[in-house]
Every structure is written in structure tokens, then in C-alpha cells.
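S.K.: Provided herewith is a single structure, encoded as C-alpha cells, for subsequent inquiry.
Number of protein chains: 2
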Amino acid sequence: MIKTRITELFKIKYPIIQAGMVWCSGWELASAVSNSGGLGVIGSGSMYPDVLDSHVVKCKKATKNNFAVNIPLLYPNIENHIDTVIRNKVPIVFTSAGNPSIWTKKLKNHGIIVVHVVSNLKFALKSQEAGVDAIVAEGFEAGGHNGLNESTTFCLLPFLKKKISVPLIAAGGIGTGKTMLAAMSLGADGVQMGSRFVLSNESSAHINFKNAVINAKDGDTSLTLKEITPVRMIKNKLYDKIHNAYMNKKDTEDLKNILGKGRAKKGMFEGDLDEGELEIGQISMYLQSIKSAKDIVDEIIQDFYNTRNKLNEY
Amino acid sequence: MIKTRITELFKIKYPIIQAGMVWCSGWELASAVSNSGGLGVIGSGSMYPDVLDSHVVKCKKATKNNFAVNIPLLYPNIENHIDTVIRNKVPIVFTSAGNPSIWTKKLKNHGIIVVHVVSNLKFALKSQEAGVDAIVAEGFEAGGHNGLNESTTFCLLPFLKKKISVPLIAAGGIGTGKTMLAAMSLGADGVQMGSRFVLSNESSAHINFKNAVINAKDGDTSLTLKEITPVRMIKNKLYDKIHNAYMNKKDTEDLKNILGKGRAKKGMFEGDLDEGELEIGQISMYLQSIKSAKDIVDEIIQDFYNTRNKLNEY
Numbered sequence: 000m001i002k003t004r005i006t007e008l009f010k011i012k013y014p015i016i017q018a019g020m021v022w023c024s025g026w027e028l029a030s031a032v033s034n035s036g037g038l039g040v041i042g043s044g045s046m047y048p049d050v051l052d053s054h055v056v057k058c059k060k061a062t063k064n065n066f067a068v069n070i071p072l073l074y075p076n077i078e079n080h081i082d083t084v085i086r087n088k089v090p091i092v093f094t095s096a097g098n099p100s101i102w103t104k105k106l107k108n109h110g111i112i113v114v115h116v117v118s119n120l121k122f123a124l125k126s127q128e129a130g131v132d133a134i135v136a137e138g139f140e141a142g143g144h145n146g147l148n149e150s151t152t153f154c155l156l157p158f159l160k161k162k163i164s165v166p167l168i169a170a171g172g173i174g175t176g177k178t179m180l181a182a183m184s185l186g187a188d189g190v191q192m193g194s195r196f197v198l199s200n201e202s203s204a205h206i207n208f209k210n211a212v213i214n215a216k217d218g219d220t221s222l223t224l225k226e227i228t229p230v231r232m233i234k235n236k237l238y239d240k241i242h243n244a245y246m247n248k249k250d251t252e253d254l255k256n257i258l259g260k261g262r263a264k265k266g267m268f269e270g271d272l273d274e275g276e277l278e279i280g281q282i283s284m285y286l287q288s289i290k291s292a293k294d295i296v297d298e299i300i301q302d303f304y305n306t307r308n309k310l311n312e313y
Numbered sequence: 000m001i002k003t004r005i006t007e008l009f010k011i012k013y014p015i016i017q018a019g020m021v022w023c024s025g026w027e028l029a030s031a032v033s034n035s036g037g038l039g040v041i042g043s044g045s046m047y048p049d050v051l052d053s054h055v056v057k058c059k060k061a062t063k064n065n066f067a068v069n070i071p072l073l074y075p076n077i078e079n080h081i082d083t084v085i086r087n088k089v090p091i092v093f094t095s096a097g098n099p100s101i102w103t104k105k106l107k108n109h110g111i112i113v114v115h116v117v118s119n120l121k122f123a124l125k126s127q128e129a130g131v132d133a134i135v136a137e138g139f140e141a142g143g144h145n146g147l148n149e150s151t152t153f154c155l156l157p158f159l160k161k162k163i164s165v166p167l168i169a170a171g172g173i174g175t176g177k178t179m180l181a182a183m184s185l186g187a188d189g190v191q192m193g194s195r196f197v198l199s200n201e202s203s204a205h206i207n208f209k210n211a212v213i214n215a216k217d218g219d220t221s222l223t224l225k226e227i228t229p230v231r232m233i234k235n236k237l238y239d240k241i242h243n244a245y246m247n248k249k250d251t252e253d254l255k256n257i258l259g260k261g262r263a264k265k266g267m268f269e270g271d272l273d274e275g276e277l278e279i280g281q282i283s284m285y286l287q288s289i290k291s292a293k294d295i296v297d298e299i300i301q302d303f304y305n306t307r308n309k310l311n312e313y
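First to last, the sequence lines map onto chains A and B.
In this text, residue positions in the first sequence follow numbering that gives the first Met the number 0: the first is 0, and each later residue adds one.
In this text, residue positions in the second sequence follow numbering that gives the first Met the number 0: the first is 0, and each later residue adds one.
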């Protein structure tokens, strides 16, 4: 057991949060992480309202521990998702990609712990003003949707730590005990890991996508699509198409048309490595193994203590 | 005293290396850092051969401790710089921005410890094969010249640690004891800090530039000029001019003409904040104070131990 402001807030054993990810984190992964001492998070961004409802119901059956739902605030018909988490008494909600002042109060009025994901100081302060219970600070190296400022985990964390008072969860580049310890050195009260849990038995990522993550080397991901919504993905045929259009000064509407619909599902869930969007963090450069969520959490904790012991030798 | 493979290699008290920086790190700063227990580095990239010679001679008089010279391998008439460090028996040379296989052997034949700066695995392995004694791994957040892969300190360090055997120095995002501890959690044997020492009494940076660094917020620097040579700088009028040209698909020669000559000197040494190149790391978002090199080193070490004690409470 590791006691921090985050483990106390979420009533969990370890300050390890599994990121809510589109197409990769349903109830199987979320409940497995919560059963292993971390906080599992259902990624609702890729779910229709009835699908989210069914995942929440199954997750509650599969774990007695706290879990959360991540709701991207740009989700169409977001009211349905908000209703689903309130109706099912989901204990914790992570909101992202939008204005934290719109839903925080309503969720908190229903006794829900609210966490907002940010990538800069402006939104960290906005979140705090909106009354969130904690903030996820997401660095440039993180996979999937991200901010425009390009601030890395190494710089963003100590910076926000000086400016905000609510508990701080680090995201971006974290997937081992060493990186967890580093994030906590920089002031994090907990860590959020996405890419590491994509490579779990319980993640719903397609095996082709998992293998692409294992094969990724340094320089193989890029934060792109900054004109539509910045996202870090593996450079593939789809990436080249978008990047060429961007370099040829296509406007936002053109880019949206080239991107088309359903690219994330096609890539991460259906395993189309050429035409699909493969959202993953830079840490994919050294992630190598698919394991159970429990083995991942246990390994991280062991590595955390081993590394701390090593640092104490200096 | 902190004992690591780097302090043993360089025979220094603390594993803190002051980055060799154009226009900012002459003999005054290098000797002050070496006298404070770290390793001071003269940045030769902005010096004519006779100027470098004079800085080396003065540095040797000002400190009994080891110091180093950083030589960018793209420097015109590099033979002169190589001759200068050999003739003056400079104990340690950092090479950067070029192929490590060209000069490493000659320098080592003269008993000089050689360190090469890299930002990806390919050049880390190349450096090791060339026989360097240590490697600086520079993350995306670092100021000044950098690589194209955009790998951040948080991801690059643990990745290289698994692949190389020579001692590893972390650079990019480091300027406090907390960040030093984080880098060592990730596998670094030592840390290199540039931006922090720009804000020292002994740095030769213009006071306008120092104030611009203090005033920089998150998102105020950008890694740009990727077509000529990638460099992280503060976004100012010059940056806008270059960025607009880039977005309008100007070719490399056009970009070189727009950039012109002497921009780094104009910005960092002469203090022209509009037309000069202001090279600094992302960490400028929270650096706030100008101090003596000795106070900087002492403060970092104190912060390192305080943070380690705090981590031990978990």
C-alpha cells in the first residue's frame, strides 16, 4: 500500500490510474485494474449510451472496489453519458477535452468525485475554479488526444505543482515503477497510464494494434492533427495522408474529410494498421510485453520500490 | 558528495553538468560551476578559435577542478577547436550535432574523456561504437539544438538505459533537485542543465534574455527550424517570421536567408528580443530567479535530498 492524496481520495491501494481510452478500456480492463489495487477507468468516448450503461453495470459486478468513467466533454449527446454515470452511482468521473465548468457541479452534487484532464496552466486553474477534486496533467508524450502547448511531463508537472493545490495525477510517458517514481519526484500524487494497459490481456485493443505498439521505436509516433484536435498516433499510411494534406495547406474541413469517420475504431479495435488511427504514447518505444492487468500493477509496484532503494544508495 | 558512474568518470562531487551553450557559457560560468562541485562546460560553438583558447586558459586559472569544452561537430574549421582543446590539455570534451566517429578516437588518443550528445537510439549506439566514455540523452524539452524525433526526457532515458552500457547523462527539463532525482529514477547517472545556468550571475547571457527566460510561460517556446537544424527557442517576432515562411512552404535556402546570420548572438548576447534567436528549454516556464552558480548547485543538492526523503515516506 502506498498512501498519497490520490489513494486517499479514490480509496485505492496504489496511486496507479488506468487511463480511460477509446476502444481499449471497457469493463474487463477497468475491473481488472481496480481488483489489482489501482483505479480502473472505462473509456466512454467510443461507446453509445446503452453500451456505456452495460459496461458500467458489468464493471460494478466484477469489482467491489472503486472505478471510474472517462467522459470526453466533446462527446455528442453528452447528457446521456452524464445521466448514465449518475443513475449507476459511478463513484468517480474523469472529464477531458472540454470546459470543466459545465458538468463538474452537477456531478459533484450527486456525490461523484470529479477529475479533469489538462495539458496547460490555464485549464488547470479553470478546473480548480470549477471545483474538481483532482487534476490529470498530461504531457506531450502521452498518446491519443492532447494539448497544443507541447509541454512535456518533465516540465508540466513541477510547473503545475507550484500553481495548484488539488491533487495532481501525472500522465504521459508513465508505464513502469521507475517512471512512476520519477513522476512522484516531480510532485505527482498519482500516475495515469494508458499505453501500458493497452498492452494488457484485458484491454479490448485488437491484437494487430497491440503488436504495432510492441514494434514501435523512437520517433514512430507523432502529435498531429493540430488543426482539428491534436492527437498522438503511430505514423502509418493514414498519418502520411493527413500530414501531406496538412503540409499542402488543406483547410480544416478538407482535413476532416480526409480523416473521415471511424478511423480510431478501424485502427485500434479492428486492427487495420494502414487506414486506422493508432493512438498510443511515445513510451511505446520501449514497451515490449502483453500481460494481465494484475501482473502489470504488481510489476510496477515492485519496480517502484526497487528503484527507490537504488536511489537511496546515492 | 553523490557517487555515480558520472562523478567517478569526471572526478566531480555532484553529478551536475552545466551545458555548454553558445553565447552564455564562457570561462566565468564554467569555472564557477566546477568550483561548486559540478562540471562546468565552455560552449565553443559561438567562439572564434583564439577566443576559445583564451577562455580555456582563463578557466584553468580559475579552477583546480575538472571542466570541459563543448564542440558542435558542425563548427566550421573544427580542426582549430580540436587543436585548442588538445594543446591546452582540456580533460573532458562534449561533442554534439554531428557524427561521433570522426573525432572521438583522436581526442581519446590524447587522453581526453569524450562525451557525445544524442537524441535517439541510432546515434546513441553510433556513439558507443565510436568509443565515447558517456552519452548525453537530450529530450524534446531541451533548449537550443535538438533532434527530429521529438522523444521526451521521460521516454528517451529509460529507453536508452535498456540499450546502452556507457554512463548516461540526462538533458532536457532538468534544473532542480526534483528533476535531477526524477532523471536518476529513470536511469541517468548524471544530469546536464542549460536553462538553469543561463539564469546565473556568471552566465554571459544578456540581461534582456535572462528576463525573457524568467517571463516565459508554458507554451512560450517551440522546437522549430526543423528543415535547417531543429532548435527550441522562445516564440518572438523572429520565430513568427520563420514559422510563417515554413507554413508558406519556403524551401531550405529561403529559410536560411530569412534567418540570416548572427541571430543567436543578437538575441542571447546582445539582448534583441525581437530579431534575435532566444534558445532556451521548456523549463523556462517555471524558472524564476538569477543566482550565483554556487547557490544554484547548493540549492539543487538540498532539493534532491529533501525530495528523496519525501519519497521515502510513501
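Yeah, the Cβ is synthetic: ideal placement off N, Cα and C, and Gly gets one too.
#1: I'd like the ranges of any alpha helix (DSSP H) spanning at least 4 consecutive residues and lying wholly in the stretch 152-240 of chain A.
#2: What does the Cβ neighbour count give for residue 109 of chain B, buried or exposed, with the cut at 16 atoms within 10 Å?
#3: Using alpha carbons as the reference points, say which of B:140, B:105, B:118 lies closest to residue 130 of chain B.
#4: Using beta carbons (cut-off 8 Å, strictly below), is residue 180 of chain B in contact with chain A?
#5: Using 8 Å as the limit for Cβ to Cβ distance, is residue 359 of chain B near chain A?
#6: Which residue wins for smallest C-alpha separation from residue 35 of chain A, given the options A:276, A:294, A:309?
#7: Look up residue 290 of chain A in the DSSP assignment and give the residues it is bridged to.
#8: Does the beta carbon of residue 157 of chain B sit closer than 8 Å to a beta carbon anywhere in chain A?
#9: I believe residue 231 of chain A touches residue 141 of chain A by the beta-carbon criterion, under 8 Å. Please report the beta-carbon distance rounded to the nearest angstrom.
#10: With a cut-off of 8 Å, do at least 3 Cβ pairs link the stretch 211-219 of chain A to the stretch 30-49 of chain A?
#11: Name the DSSP beta bridge partners of residue 71 of chain B, please?
#12: Go through the stretch 15-75 of chain B residue by residue and report every complete run of the beta strand (DSSP E) that reaches 3 residues or more, in order.
#13: Please report the residue range of the beta strand (DSSP E) in which residue 114 of chain B lies.
#14: Would residue 137 of chain A pass as a contact of residue 114 of chain A if the rule is Cβ separation under 8 Å?
#15: Would you say residue 139 of chain B lies against chain A (beta-carbon separation less than 8 Å)?
#16: Starting from residue 5 of chain A and walking both ways along the beta strand (DSSP E), at which residues does that stretch end?
#17: At the 8 Å Cβ level, is residue 232 of chain B part of the contact set with chain A, yes or no?
#18: Answer yes or no: do residue 220 of chain B and residue 209 of chain B have a C-beta to C-beta separation smaller than 8 Å?
#19: Grab me the residues of residue 127 of chain B's own chain with a C-beta within less than 8 Å of its C-beta, minus the 5 sequence neighbours each way, in chain order.
#20: In the DSSP assignment, find the alpha helix (DSSP H) that holds residue 123 of chain A and state where it starts and stops.
#21: How is residue 109 of chain A classed by DSSP in three states: helix, strand or coil?
#22: At a cut of 8 Å, does the stretch 182-189 of chain B reach the stretch 246-259 of chain B through at least three beta carbon pairs?
#23: Mind pulling the chain B residues with CB within less than 8 Å of residue 43 of chain A?
#24: Would you report the Cα separation of residue 226 of chain A and residue 75 of chain A, rounded to the nearest angstrom?
#25: Listed in chain order, which residues of the stretch 253-276 of chain A have Cβ atoms closer than 7 Å to some Cβ of chain B?
#26: Can you pull the chain A neighbours of residue 307 of chain B, defined as C-beta to C-beta under 9 Å?
#27: With distances taken Cα to Cα, identify the nearest neighbour of residue 25 of chain B among B:288, B:2, B:268, B:190.
#28: Assuming the contact rule is C-beta atoms closer than 8 Å, residue 196 of chain A and residue 292 of chain A should be a hit. Round their C-beta distance to whole Å, please.
#29: Which partner residues of residue 144 of chain B appear in the DSSP bridge assignment?
#30: Span of the alpha helix (DSSP H) holding residue 84 of chain B?
#31: Residues in its own chain within less than 6 Å of residue 64 of chain A by CB, not counting five upstream and five downstream?
#32: Kindly list, in the order they appear in chain A, the residues whose Cβ is closer than 7 Å to that of residue 285 of chain B.
#33: Determine the extent of the alpha helix (DSSP H) in which residue 252 of chain A is found, giving its start and end residues.
#34: Closer than 8 Å by beta-carbon distance: list the chain A residues that pair up with residue 228 of chain B, in chain order.
#35: Can you list the residues of chain B that residue 150 of chain A reaches, using a CB-CB cut of under 9 Å?
#36: Give the C-beta separation of residue 304 of chain A and residue 1 of chain B to the nearest angstrom, bearing in mind that I take them to be a contact with Cβ-Cβ under 8 Å.
M.R.: With the structure as the only source:
#1: 152-162, 176-184, 194-197, 206-214
#2: exposed
#3: Of B:140, B:105, B:118, the residue nearest in Cα terms is B:105.
#4: It does: the Cβ of residue 180 of chain B has a partner Cβ on chain A nearer than 8 Å.
#5: Outside the displayed range of chain B (0 to 313) lies residue 359 of chain B, so it cannot be described from this structure.
#6: A:294
#7: A:199
#8: yes
#9: 6 Å
#10: no
#11: B:95
#12: Taking 3 residues as the shortest admissible run, the stretch 15-75 of chain B contains the following complete beta strand (DSSP E) segments, listed from N- to C-terminal end: 15-17, 39-42, 66-71.
#13: 112-117
#14: Going by C-beta atoms, residue 137 of chain A is not nearer than 8 Å to residue 114 of chain A.
#15: Cβ-Cβ to chain A under 8 Å: yes for residue 139 of chain B.
#16: From DSSP, residue 5 of chain A is part of no beta strand (DSSP E) but of the alpha helix (DSSP H) over 4-9.
#17: no
#18: Not closer than 8 Å, so no.
#19: 134, 163, 164, 165
#20: 120-129
#21: coil
#22: Contact between the stretch 182-189 of chain B and the stretch 246-259 of chain B is absent, because fewer than three Cβ pairs lie under 8 Å.
#23: Chain B residues near residue 43 of chain A: none, gap ~27 Å exceeds 8 Å.
#24: 20 Å
#25: none
#26: The contacting residues are 184, 307, 310, 311, 313.
#27: B:268
#28: 7 Å
#29: B:230
#30: 77-86
#31: 33
#32: Near residue 285 of chain B (Cβ distances below 7 Å), the residues of chain A are 157, 158, 161.
#33: 251-258
#34: The premise fails here: residue 228 of chain B is roughly 17 Å from chain A at the closest Cβ pair, so nothing lies under 8 Å.
#35: 140, 217, 218, 281, 284, listed in chain order.
#36: Contact flag wrong, Cβ pair sits at about 21 Å.
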